[in-house]
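Quick note on numbering that gives the first Met the number 0: the sequence shown kicks off at 0 and runs consecutively.
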Amino acid sequence: MATPRSGSTAGRHPGGVLSWAAAAVGLGHAAFSVYWGLGGTWLLDTVAGGAMVPTETNGSVLVLLVWAAALVKLGVAVTPLVLRYVALPRPLRRLGRFLGWAASVVLTLYGAVFTGAALLVLGGVLEAGPDVDRTALAWHGFLWDPWFLAWGLLLGAALWRSRDARTARTADVAA
């Protein structure tokens, strides 16, 4: 096996920083869902305006939805770290990478489309209905949806770089 040259990144795991960054961004997003699932209300009105306010008729459903979102976000957030640092059997690794790529695509598209739409409405390029909550829309355009976009891009980059790392390790063993 070749030894790394001074100052080179050979021998290190490419994408490790990306994996940690994707996980941190995802865990940050998940933390809000966990907080709201536990009954917290800070910034809750910035997500969907009054639609996220629990009432007697929708309270149980909202709590279940928030916890479901939190669990999905937590699972997706740790995916790049599990794929990088846990020795998984090949079928589980492939399934994890497939699901990770699917999540990356969904997060990136969701973040890009909804960020763009919110900014176009806020900028007066598109008209919104009379009942639109412009405060919640601003939060989506400047925080929530760009956060999804960043998470999706970081997750995709981490998955891409982890592929390179695995290929490089295989090549080192073969040499």
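Glycine included, each C-beta is placed from N, C-alpha and C at the ideal position.
Next item on the list: Compare the beta carbon distance of SER18 and SER161 with 8 Å and say whether it is the shorter of the two.
Entry: For SER18 and SER161, yes; Cβs fall inside 8 Å.
Margin query: Helix, strand or coil, according to DSSP, for VAL85 in the structure here?
Written below: coil
Notebook entry, point to check: Roughly how many angstroms separate the alpha carbons of LEU176 and LEU106, rounded to a whole number?
Noted result: Look at the range of the chain in this structure, 0 to 174, and you will see that residue 176 is not part of it.
Check: Helix, strand or coil: which one does DSSP assign to TRP41?
Finding: Correct three-state label for TRP41: coil.
Checklist line | Residue from THR114, TRP159, PHE147 with nearest C-alpha to ALA137 | finding: THR114
Check: If you draw a straight line from the C-alpha of ALA21 to the C-alpha of PRO79, how long is it?
Finding: 7 Å
Notebook entry, point to check: Would you report the Cα separation of TRP202 and LEU91, rounded to the nearest angstrom?
Noted result: The structure shown does not extend to residue 202, since the chain is modelled only from 0 to 174, so the question has no answer here.
Note to self: Using C-beta distances below 6 Å, list every residue in its chain close to TYR34, excluding the 5 sequence neighbours before and after it, in chain order.
What the structure shows: none
Checklist line | Which listed residue (SER103, ARG89, THR134, VAL16) has its alpha carbon closest to that of TRP146 | finding: Ranking SER103, ARG89, THR134, VAL16 by Cα distance to TRP146 puts SER103 first.
Notebook entry, point to check: Whose C-beta lies closer than 6 Å to the C-beta of ARG83 among residues of the same chain, with five residues either side of it excluded?
Noted result: So the qualifying residues of the chain are SER18, SER161.
Next item on the list: Would you mind sorting ALA135 into buried or exposed? The rule is 16 or more other CB atoms within 10 Å of its CB.
Entry: buried
Item checked: Three-state secondary structure (DSSP) of LEU154 -> helix
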